[in-house]
Structure formats: C-alpha cells, structure tokens
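A.B. asks: Before we start, here is the structure in question, set down as structure tokens.
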Amino acid sequence: MIATKLKVRTFGDPCLERLSEQVQAIGPAERMLIESMIKTMYVEDGVGLAAPQVGINRRIFVADIGDGPMAVVNPKILKKEGTIVMEEGCLSVPGINVEIERPHMIRLHYLDENGMQQEKDLTDLKARVVLHEMDHLDGKMIIDYIAPSEREKFIRQFKEKSDQK
Amino acid sequence: MTLDNAVLPPWFRQEIPDPAALAEMRDLLRSSSLHTVCEGANCPNLGYCWGKKTATFMILGDICTRACRFCAVKHGKPSLPETGEPESVAAAVKRLALKHVVITSVTRDDMPDQGAGQFLRTVEMIRKISPGTKIEVLIPDFSGKTELVGQVIESRPDIIGHNIETVWRLYPLVRPQADYMRALNVLADIKRSGFEGIIKSGIMLGLGEIRDEILQTMRDLKDAGCDVLTIGQYLSPSQNARHVPVERFIHPEEFKEYEDVAYGRGFRFVMSGPLVRSSYMAEEVWQKK
Chain A
1 MIATKLKVRT
11 FGDPCLERLS
21 EQVQAIGPAE
31 RMLIESMIKT
41 MYVEDGVGLA
51 APQVGINRRI
61 FVADIGDGPM
71 AVVNPKILKK
81 EGTIVMEEGC
91 LSVPGINVEI
101 ERPHMIRLHY
111 LDENGMQQEK
121 DLTDLKARVV
131 LHEMDHLDGK
141 MIIDYIAPSE
151 REKFIRQFKE
161 KSDQK
Chain Z
1001 MTLDNAVLPP
1011 WFRQEIPDPA
1021 ALAEMRDLLR
1031 SSSLHTVCEG
1041 ANCPNLGYCW
1051 GKKTATFMIL
1061 GDICTRACRF
1071 CAVKHGKPSL
1081 PETGEPESVA
1091 AAVKRLALKH
1101 VVITSVTRDD
1111 MPDQGAGQFL
1121 RTVEMIRKIS
1131 PGTKIEVLIP
1141 DFSGKTELVG
1151 QVIESRPDII
1161 GHNIETVWRL
1171 YPLVRPQADY
1181 MRALNVLADI
1191 KRSGFEGIIK
1201 SGIMLGLGEI
1211 RDEILQTMRD
1221 LKDAGCDVLT
1231 IGQYLSPSQN
1241 ARHVPVERFI
1251 HPEEFKEYED
1261 VAYGRGFRFV
1271 MSGPLVRSSY
1281 MAEEVWQKK
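Protein chains in written order, with our numbering: chain A, 1 to 165; chain Z, 1001 to 1289.
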C-alpha cells in the first residue's frame, strides 16, 4: 500500500469540532495513516497536520518544522513556561491568520509511530506547532482565539474566500 | 498549522521579556490611559526596551488619519485628543525616572494645528516636571507646514526626528499619503531654523528598495541636515492586503555595511541592524557624542 494524499477538512466540518480519542494501539493501519498525513502535509505546504483535519478523530498529528517529519500519538504536555505571540495559519481555515499567545517552552510526552514513549523539550516554533495541532485534537482552532466580536468578521471573510474558489 | 511568510531568519531570536517589568509598564500605561507606539506598532523590541524602563509614548490617540502600508497602528477617524495628555505623559516620565524619553504620535490631518501644539505642551510639561530627562520627539510631516514644525522646534527638545521610512520610488506603494520631498523638507526646515539639537531620521529596508536607492536616500538625508540615522528591517504588521509584504530579509552583515557607508558620509551616529527602530536604544546617542 502506498501513502495517499488525503482531503483536508475545512472550517464547518464537524470532525474539526469533536474531541478526538486516544489511540489504543499503533499498528499498520495507524502507520499508513501517519504516512498519508505526512504526504498530505507536504503537498498542502503545512508545517503540521492533525488527524481530525483529515476526518479522523484520533489523537494523532504530524509535523515538520525543518528537522524532518515527526509523528505524535497521544500527546501530553507535562510542563510549560513563558509566553510568546506569533501569527498562525491553518490548512483548515485557509487565508486566515491569527495572532496567538502560547507558551514559549513545553515538555511533550507522546508515543512515536513505532509505539515508543518519547519525551521532548520544545521551544519557539516547534512548541507552537505542537500546541496548535493539539488544539485540533480537542476540537479547537485558531478562530477560537479571536474575540467574539472579531470572530464574526473572520468567519465572514473565510466564507467569502471559500465562495470565491 | 501553516506559516505564510518565511519563518523569521535566525538573527531575529529575541530574549523572552521579563514578565514583571512588562506588567509594571502595562499597569502604568493603563492607569494613565497612555499609549505607546511599542504596543500600537507591535515593535519586536518591546520586551527589551520595557525591561530597561524605556518606552516611546504615542500622543494624540491611537488612531491615525493616514494609512501607511508598513504600519500596524489603527487608521481611521480619531477622536479629540485628551486635554490632560501632556501632564499624564510627564507624570509617567517622572514616575519611571526615564533618563531619555521618546515622544511620537499618529498623524492628525484632522486637527487645525495637526497636533503640533500637543507636542509643544508635552515637551514643555516634561521639562517642567522632569528636567533631567532628555527628550526626543519623532514627528509626523504636519503636511509640510513650516510654522507647525516651528512649534515643535520652539519647545526645544534635545532631538527631533522625522523618518523618511523608504526610498523615493517606493513612496506611492508604501506611503501613498506622504511625499518623499516633503519629508526631506521637514528635516531641512528644522536645520534651517537653527535648531541646536540633534536631527534624526530612519529608513526601513526590505520593502523592495535597491542598494543605489538606499545610498541616494542617505545622500538626500545628509544634505537635508540629518545628523543621526537609523536603519532597520521592515517587518510586515500582518498578512492583510493592507500591509506590504516583506520583500527581503537583509543580512546583519549588509546592515553593518550600510552603517559603515553612513559614517563615511558624515552621519554623527548610526544605528543599523535588523531590529533597529527609530527609538531603539535611542539613549545611546549621548554616549557617542
């Protein structure tokens, strides 16, 4: 079986709003999903992609911030420090960018694609991508960080851009 | 997640600011209803400067009547300026025991004196309450009206700055409501008036200008009477169509080259680097004298 490019769900799709479930075991199916997610992420020019974005509500995401692809299963944040603000975009809300304050440093615990336990300290952009993708696993998106008054405007903007396509 | 612009080059690594210092400054600003351009323009040096108890106050509100395409400050229809603003600013300067304060403003084309009077009163009030503080003002072009620039000169700040921002060719793109020659004339007016303080200007790189244009602008600024020059990297305030995207990230070594050229041209003090902004380390000018 070859990894295939998956369809990225966009704002409004119920998959993006659900809480995703823990992965019970990592087998060939999960590894195939991870490969396909990595391929999809590269094709779509993202630095991270979470399983809910391809319609699968499981606690898995992939990322590549320049060090090569990483797969993260059942992530947990053990520690966080500091804050830093940066603008983020999302494949599920294309064309929209939001400034979000997030921790500067995190300690991440997860299982890799082979089911091995990993613990990493991440800072700056790496931490940010992880936190962004973890939000997806809880049904949260960058739009949720905007003040309610502004959110209406963004949603309208997004709908206009989608209609233009 | 996606990143639309290229990730900032590695030389943009910033120290994480001290939350306590930031909180103190924020509390003071909120309680006195003061604005800073530090916040208004999303300056990347905010953490550094506020940690050193330096800030650039922005008077005349936080809404600008122009819409320069490099600027994060809100544009639109401003409200009447606060009458107690000069006193508030001066009180904050005293409370923070600032050795050097920079006062800037939004552009107020809607006011009869375009805000010149508020600059005058603010400088005078600071002089009165905090006589040891060096005062630098960074002024708008006052639509080129010499008598309004004159009011600011009259208040006798230590430094008057007016930023040329970019090269002549890019003005229609970047500053559609301003004029390159007008900006130079503001500086020339200050020089001609016999002002005894320091005349300062700043330019941003990375908007699409070429080397020859930068050198020409330096020449023009020197001819207009500019003593001090700041050169920094343009960072786009947002991904909106309103803001010009960053065309190029200039390497710190290239910034250093421009610094050397500027000193060679006779500028008395030059700050040149990716994070340099007009008021960045503004107090350093006194060391170089």
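Each residue gets a CB set at the ideal place from its N, CA and C atoms; glycine is no exception.
Which runs of the beta strand (DSSP E) spanning at least 3 residues fall entirely within the region 1087-1132 of chain Z, listed in chain order?
C.D. replies: 1100-1105
A.B. asks: In chain order, what residues of the same chain lie with their CB nearer than 7 Å to the CB of VAL1152/Z, ignoring the 5 residues before and after it?
C.D. replies: Against the second sequence, residue 1152/Z aligns to sequence position 152. Once the five neighbours on either side are set aside, the close Cβ partners of VAL1152/Z are ALA1116, PHE1119, LEU1120, VAL1137, ILE1139 and ILE1160.
A.B. asks: Classify PHE158/A as helix, strand or coil using the three-state DSSP reduction.
C.D. replies: What you label residue 158/A is simply residue 158 of the first sequence in a count that begins at 1. Looking at PHE158/A - three-state DSSP - the assignment turns out to be helix.
A.B. asks: Report all residues from its chain with a CB closer than 6 Å to the CB of ARG107/A; omit the five preceding and five following residues, and keep chain order.
C.D. replies: Taking the first sequence and counting its residues from 1, the one referred to as residue 107/A is at position 107. If we look at ARG107/A and ignore the five residues flanking it on each side, its Cβ neighbours are LEU78, LYS79 and ASP121.
A.B. asks: With a CB to CB cut of under 7 Å and the five nearest residues on each side skipped, what residues in its chain are close to ALA1006/Z?
C.D. replies: Locating residue 1006/Z in the second sequence gives position 6, counting from the first residue. Bear in mind that a pLDDT of 47 at ALA1006/Z, under 50, signals an unreliable position, so the number given afterwards is only what the model happens to contain. So the list is empty, once near-sequence residues are dropped.
A.B. asks: Over the uninterrupted alpha helix (DSSP H) stretch that includes LEU1022/Z, give me the two end residues.
C.D. replies: For the purposes of this step, residue 1022/Z is taken as residue 22 along the second sequence, with counting starting at 1. Residues 1019-1031.
A.B. asks: Starting from HIS30/A, find everything on chain Z with Cβ-Cβ shorter than 7 Å and list it in chain order.
C.D. replies: Mapped onto the first sequence, residue 30/A falls at position 30. Note that residue 30/A is Glu in the sequence shown, not His. Those do not exist, as GLU30/A stays about 21 Å from chain Z at its closest Cβ, beyond 7 Å.
A.B. asks: Are GLN1233/Z and LEU1205/Z close, meaning C-beta to C-beta below 8 Å?
C.D. replies: Residue 1233/Z sits at position 233 when you count from the first residue of the second sequence. Residue 1205/Z sits at position 205 when you count from the first residue of the second sequence. Contact flag set, yes.
A.B. asks: Strictly below 7 Å CB to CB, what residues from chain Z border ASP13/A?
C.D. replies: Sequence index remark: in the first sequence, residue 13/A carries index 13 (1-based). Neighbours of ASP13/A across chain Z, judged by C-beta separation under 7 Å, do not exist; the nearest C-beta is about 17 Å away.
A.B. asks: So what's LEU1080/Z in DSSP terms, helix, strand or just coil?
C.D. replies: Stepping through the second sequence from its first residue, residue 1080/Z is reached at position 80. Correct three-state label for LEU1080/Z: coil.
A.B. asks: Tell me where the alpha helix (DSSP H) around GLY1150/Z begins and ends.
C.D. replies: On the second sequence, position 150 is the one that residue 1150/Z refers to. Residues 1146-1154.
A.B. asks: Would you kindly check if the distance between the Cβ of ILE142/A and the Cβ of VAL85/A is under 8 Å?
C.D. replies: Mapped onto the first sequence, residue 85/A falls at position 85. Mapped onto the first sequence, residue 142/A falls at position 142. Not a contact, by the Cβ cut-off of 8 Å.
A.B. asks: Any beta carbon of chain A sitting closer than 8 Å to that of LEU1003/Z?
C.D. replies: Residue mapping note: residue 1003/Z aligns to position 3 of the second sequence, counting from 1. Yes, contact with chain A.
A.B. asks: Using 8 Å as the threshold, is the region 31-42 of chain A in touch with the region 1-11 of chain A, meaning 3 or more CB pairs across them?
C.D. replies: yes
A.B. asks: Could you name the residues of chain Z that ASP45/A contacts, counting a contact when the two beta carbons are closer than 7 Å?
C.D. replies: Position 45 of the first sequence, counted from the start, is the residue given in the question as residue 45/A. Correct list: THR1002.
A.B. asks: Please say whether LYS1094/Z and LYS1134/Z have beta carbons closer to each other than 8 Å?
C.D. replies: As a position in the second sequence, residue 1134/Z is number 134, starting the count at 1. As a position in the second sequence, residue 1094/Z is number 94, starting the count at 1. Their beta carbons are not under 8 Å apart, which means LYS1134/Z does not touch LYS1094/Z by this criterion.
A.B. asks: In chain order, what residues of the same chain have a beta carbon less than 8 Å from the beta carbon of ARG1069/Z, not counting five sequence neighbours either side?
C.D. replies: By 1-based counting over the second sequence, the position of residue 1069/Z is 69. Around ARG1069/Z: LEU1173, VAL1174, ARG1175, PRO1176, ARG1242, HIS1243 and VAL1244.
A.B. asks: Using alpha carbons as the reference points, say which of ARG18/A, ASP124/A, ILE65/A and ILE96/A lies closest to LYS153/A.
C.D. replies: Taking the first sequence and counting its residues from 1, one reaches residue 153/A at position 153. The shortest C-alpha separation from LYS153/A is found at ILE96/A.
A.B. asks: Tell me, please, which residues DSSP counts as bridged to PHE1012/Z.
C.D. replies: By 1-based counting over the second sequence, the position of residue 1012/Z is 12. For PHE1012/Z, which the question treats as bridged, DSSP gives no partner whatsoever.
A.B. asks: Closer than 8 Å, CB to CB, is ILE1129/Z near chain A or not?
C.D. replies: Taking the second sequence and counting its residues from 1, one reaches residue 1129/Z at position 129. No, ILE1129/Z does not count as interfacial toward chain A.
A.B. asks: Taking the alpha-carbon of ASP1212/Z as reference, which of THR1083/Z, ALA1097/Z, ALA1067/Z and VAL1261/Z has the nearest alpha-carbon?
C.D. replies: Working through the second sequence from its first residue, we reach residue 1212/Z at position 212. With distances taken between Cα atoms, ASP1212/Z lies closest to VAL1261/Z.
A.B. asks: Using DSSP with H/G/I as helix, E/B as strand and the rest coil, what is VAL129/A?
C.D. replies: The residue given as residue 129/A occupies position 129 in the first sequence. Looking at VAL129/A - three-state DSSP - the assignment turns out to be helix.
A.B. asks: Along the beta strand (DSSP E) that carries ILE1231/Z, what are the first and last residues, could you check?
C.D. replies: As a working mapping, residue 1231/Z is identified with position 231 in the second sequence. Segment 1228-1233, the beta strand (DSSP E) holding ILE1231/Z.
A.B. asks: By DSSP's criteria, PRO103/A is part of a beta bridge. Which residues make up the other side?
C.D. replies: As a working mapping, residue 103/A is identified with position 103 in the first sequence. PRO103/A pairs with THR83/A.
A.B. asks: Please say whether ARG9/A and GLY66/A have beta carbons closer to each other than 8 Å?
C.D. replies: Along the first sequence, read from residue 1 onward, the residue named residue 66/A stands at position 66. Along the first sequence, read from residue 1 onward, the residue named residue 9/A stands at position 9. Going by C-beta atoms, GLY66/A is not nearer than 8 Å to ARG9/A.
A.B. asks: What residues in the region 1234-1245 of chain Z bring their beta carbon closer than 9 Å to a beta carbon of chain A?
C.D. replies: SER1238, GLN1239 and ASN1240
A.B. asks: Roughly how many angstroms lie between the CA atoms of CYS1064/Z and GLY89/A, to the nearest whole one?
C.D. replies: For the purposes of this step, residue 1064/Z is taken as residue 64 along the second sequence, with counting starting at 1. For the purposes of this step, residue 89/A is taken as residue 89 along the first sequence, with counting starting at 1. Computed Cα separation, rounded: 28 Å.
A.B. asks: Tell me whether GLN117/A sits in a helix, a strand or coil according to DSSP, three-state version.
C.D. replies: Locating residue 117/A in the first sequence gives position 117, counting from the first residue. In this structure, GLN117/A counts as strand in the three-state DSSP scheme.
A.B. asks: Using the rule of at least 16 other Cβ atoms within 10 Å of the residue's Cβ for burial, across every protein chain shown, is GLY1264/Z buried or exposed?
C.D. replies: Numbered from its first residue, the second sequence carries residue 1264/Z at position 264. Exposed is the label assigned to GLY1264/Z, since fewer than 16 other Cβ atoms lie within 10 Å of its Cβ.
A.B. asks: Rounded to whole angstroms, how far is the Cβ of THR1056/Z from the Cβ of CYS1038/Z, which I believe are closer than 8 Å?
C.D. replies: Locating residue 1056/Z in the second sequence gives position 56, counting from the first residue. Locating residue 1038/Z in the second sequence gives position 38, counting from the first residue. Contact flag correct, Cβ pair sits at about 6 Å.
A.B. asks: How many Å lie between GLN157/A and ARG151/A at the Cα?
C.D. replies: Stepping through the first sequence from its first residue, residue 157/A is reached at position 157. Stepping through the first sequence from its first residue, residue 151/A is reached at position 151. When rounded, the distance between both Cα atoms is 10 Å.
A.B. asks: Please list, in chain order, the chain Z residues whose beta carbon lies closer than 8 Å to that of GLY48/A.
C.D. replies: Locating residue 48/A in the first sequence gives position 48, where the first residue counts as 1. Neighbours of GLY48/A on chain Z, chain order: MET1001.
A.B. asks: Would you mind telling me which residues of chain Z sit closer than 9 Å to GLY89/A, beta carbon to beta carbon, in chain order?
C.D. replies: Working through the first sequence from its first residue, we reach residue 89/A at position 89. Around GLY89/A, the beta-carbon contacts reaching into chain Z at under 9 Å are MET1001, THR1002, LEU1003, ASP1004 and GLN1239.
A.B. asks: Can the beta-carbon of VAL1089/Z be found less than 8 Å from the beta-carbon of THR1036/Z?
C.D. replies: If you number the second sequence from 1, residue 1089/Z lands on position 89. If you number the second sequence from 1, residue 1036/Z lands on position 36. No, these two residues do not count as a Cβ contact at 8 Å.
A.B. asks: Quick one: which residues of the region 130-151 of chain A get their C-beta closer than 8 Å to a C-beta of chain Z? List them in chain order.
C.D. replies: HIS132 and GLU133
A.B. asks: Quick check on GLY1202/Z: buried or exposed, where buried means 16 or more other Cβ atoms within 10 Å of its Cβ?
C.D. replies: Here residue 1202/Z refers to the residue found at position 202 of the second sequence. Counting of Cβ neighbours within 10 angstroms places GLY1202/Z among the buried residues, the total reaching 16 or more.
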